[in-house]
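There are 2 protein chains.
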Amino acid sequence: MIPQIIIGKKPVLRYVTACITTFNRGSNRVTLRARGRRISSCVDVVNALRRGFLTDIQIESINIGTETITINSKERKISYIEITLRR
Amino acid sequence: MIPQIIIGKKPVLRYVTACITTFNRGSNRVTLRARGRRISSCVDVVNALRRGFLTDIQIESINIGTETITINSKERKISYIEITLRR
Numbered sequence: 001m002i003p004q005i006i007i008g009k010k011p012v013l014r015y016v017t018a019c020i021t022t023f024n025r026g027s028n029r030v031t032l033r034a035r036g037r038r039i040s041s042c043v044d045v046v047n048a049l050r051r052g053f054l055t056d057i058q059i060e061s062i063n064i065g066t067e068t069i070t071i072n073s074k075e076r077k078i079s080y081i082e083i084t085l086r087r
Numbered sequence: 088m089i090p091q092i093i094i095g096k097k098p099v100l101r102y103v104t105a106c107i108t109t110f111n112r113g114s115n116r117v118t119l120r121a122r123g124r125r126i127s128s129c130v131d132v133v134n135a136l137r138r139g140f141l142t143d144i145q146i147e148s149i150n151i152g153t154e155t156i157t158i159n160s161k162e163r164k165i166s167y168i169e170i171t172l173r174r
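Sequence order for the protein chains is G and L. Numbering follows our numbering, with no gaps: position 21 of the first sequence is 21. Count along the second sequence from 1, add 87, and you get the number used in our numbering.
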């Protein structure tokens with residue numbers, strides 16, 4: 001089971017810190033997941049992490065897809081991205 | 088040389104159409120590229136294309152990274168994504 005971090009609307013550095021904490025606790029992998037407009041932030045988190053903090057991090061996989069969410073009993077399609085990092 | 092489509096601020100369906108046109112002209116690959124906040128739109132384009140138009144499309148590769156742009160003679164880092172599709 002790979003630890004998962006959901007990217008929301010907090011500042012990018014919060015998620016960078018969350019990744020570092022996860023790796024420091026002994027995990028050798030972490031998956032970042034974001035939907036809709038947060039997809040861009042997800043890429044920002046990975047780049048900030050690799051550029052400034054954990055330069056030995058590898059991108060193991062990047063998956064994209066669509067999921068269905070229900071807002072006010074209406075179904076909507078929303079894009080997501082999942083990026084798995086390996087130390 | 089793989090044809091490249093740069094994702095900007097036009098509606099998603101415009102880029103979907105551009106991909107279909109590129110494939111119909113005989114290319115078996117196309118690369119979609121987006122920077123910053125457009126990264127989410129890029130994923131939307133791929134998902135819309137695969138869901139509704141060309142269901143036999145495969146994702147060949149997804150790359151992310153950072154590039155440096157200069158705005159008002161100040162350097163800034165900006166994230167990008169490149170998604171290569173194969174028919």
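C-beta atoms are modelled at their ideal positions from N, C-alpha and C, and glycine is treated no differently.
According to DSSP, what are the bridge partners of leucine 85 of chain G?
Leucine 85 of chain G is bridged to G:Val30, G:Ile59.
CB cysteine 42 of chain G to CB valine 30 of chain G, shorter than 9 angstroms?
No, these two residues do not count as a Cβ contact at 9 angstroms.
Label asparagine 72 of chain G either buried or exposed according to how many other C-beta atoms from any shown protein chain fall within 10 Å of its C-beta, with 16 as the threshold for buried.
It is exposed - the Cβ of asparagine 72 of chain G has fewer than 16 other Cβ atoms within 10 Å.
Could you name the residues of the same chain whose beta carbon sits closer than 8 angstroms to that of glutamate 60 of chain G, not counting the 5 residues immediately before and after it, in chain order?
Arg29, Thr84, Leu85, Arg86, listed in sequence order.
Given a limit of 8 angstroms on CB to CB distance, which residues of the stretch 38-55 of chain G reach chain L?
Residues Arg38, Ile39, Ser40, Val43, Asp44, Val46, Asn47, Arg51.
Any beta carbon from chain G within less than 9 angstroms of threonine 153 of chain L's own beta carbon?
Cβ-Cβ to chain G under 9 angstroms: yes for threonine 153 of chain L.
Of all the CB atoms in chain L, is at least one closer than 9 angstroms to the CB of tyrosine 15 of chain G?
Chain L contact via Cβ: absent.
Assuming serine 79 of chain G and asparagine 134 of chain L are in contact, meaning their beta carbons sit under 8 angstroms apart, how far apart are those beta carbons, in whole angstroms?
Indeed, because the Cβ distance is near 5 angstroms, the residues count as touching under 8 angstroms.
If you drop the 5 nearest sequence neighbours on each side, which residues of the same chain put their C-beta closer than 6 angstroms to that of isoleucine 168 of chain L?
Ala121, Ile126, Cys129, Ile151, listed in sequence order.
How would you call isoleucine 156 of chain L, buried or exposed, if buried means at least 16 neighbouring beta carbons within 10 angstroms?
Exposed, because fewer than 16 other Cβ atoms sit within 10 Å of the Cβ of isoleucine 156 of chain L.
Using 10 angstroms around the beta-carbon of aspartate 143 of chain L, count the other beta-carbons present and answer buried if the total reaches 16, otherwise exposed.
Per the 10 Å Cβ criterion, exposed.
I need the DSSP call for serine 73 of chain G, collapsed to helix, strand or coil.
Of the three classes helix, strand and coil, the one that applies to serine 73 of chain G here is coil, per DSSP.
Just to make sure I have the definition right: I need the residues of chain L whose C-beta is within less than 9 angstroms of the C-beta of glycine 8 of chain G. Which are they?
Per Cβ cutoff of 9 angstroms: no residues; glycine 8 of chain G is ~14 angstroms from chain L at best.
DSSP beta-bridge partners for arginine 35 of chain G?
Its beta-bridge partners are G:Tyr80.
Within its chain, find whatever has a CB closer than 6 angstroms to the CB of glutamate 13 of chain G; leave out the 5 residues flanking it on each side and keep chain order.
In the sequence under discussion, the amino acid at residue 13 of chain G is leucine, which differs from the glutamate named in the question. So no residue of the chain qualifies.
For serine 114 of chain L and chain G, any beta-carbon pair shorter than 9 angstroms?
Judged by the 9 angstroms Cβ criterion, serine 114 of chain L is not in contact with chain G.
Do valine 45 of chain G and leucine 54 of chain G have their C-beta atoms within less than 9 angstroms of each other?
Contact flag unset, no.
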